[in-house]
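Here is the structure we will look at, set down as structure tokens.
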Amino acid sequence: MSWCDCGIDCCGSLGVAGYLTIPGVSSNRNSNYNSNRNSDLNSNTNLNLNSDSSSSSTMSNDDKHKLFQAAGATKDNQLILKALDKIGFPNGTGEGYPEFVKEHFPWAIKNAGFMQTVNTPEKARAYVEAHLDD
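The opening position of the sequence shown corresponds to residue 2 in our numbering, with each subsequent residue numbered one higher.
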């Protein structure tokens with residue numbers, strides 16, 4: 002049995018994580034908006050899309066993985082970005098993100114029962130919408 006035959010949307014998770022390119026879905030979701038003016042006045046502007054980083058600290062690691070998995074299964078880029086922001090990784094970046102993604106595959110294997118509850122875009126969307134504001 003190969004790792005993609007396990008019944009878990011591993012490829013979708015890896016695509017959301019940025020490890021795989023998903024045709025028609027993948028895009029460069031990292032955006033930096035920098036402005037530097039130099040006359041006699043120096044100005045630097047950085048846009049941070051993480052509007053509620055404190056909410057991630059109240060979520061358990063298990064809940065973060067559930068939201069991450071369900072969001073990826075929706076295949077809705079806007080919902081994925083909202084979920085990433087909620088768990089503390091705006092646009093799939095941030096301190097700890099590579100470690101989180103690395104932990105996700107073993108988590109998914111251990112939580113196959115949950116994976117089955119979000120195995121369609123419709124079921125996944127319902128889960129994300131119900132838990133995005135927790």
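Glycine is no exception: its CB is placed at the ideal position from the N, C-alpha and C atoms. Since the structure is predicted, the reported quantities are computational estimates derived from the model, not experimental observations.
**Prompt:** Given that a residue counts as buried once 16 or more other Cβ atoms are within 10 Å of its Cβ, and exposed if not, what is residue 6?
**Reply:** The pLDDT assigned to residue 6 is 39, lower than 50, so where the model puts this residue is not dependable, and the model offers no usable value.
**Prompt:** What is the DSSP secondary structure of residue 97, counted as helix, strand or coil?
**Reply:** coil
**Request:** Between the Cα of residue 66 and those of 130, 101, 118, spot the shortest distance and give me the residue it belongs to.
**Result:** 101
**Prompt:** How would you write the range of the alpha helix (DSSP H) that residue 81 sits in, first residue to last?
**Reply:** 78 to 87
**Prompt:** By Cβ distance, which residues of its chain are closer than 8 Å to residue 1, with the 5 residues on each side in sequence left out?
**Reply:** Residue 1 falls outside the range modelled here, since the chain spans only 2 to 135, and no answer is possible.
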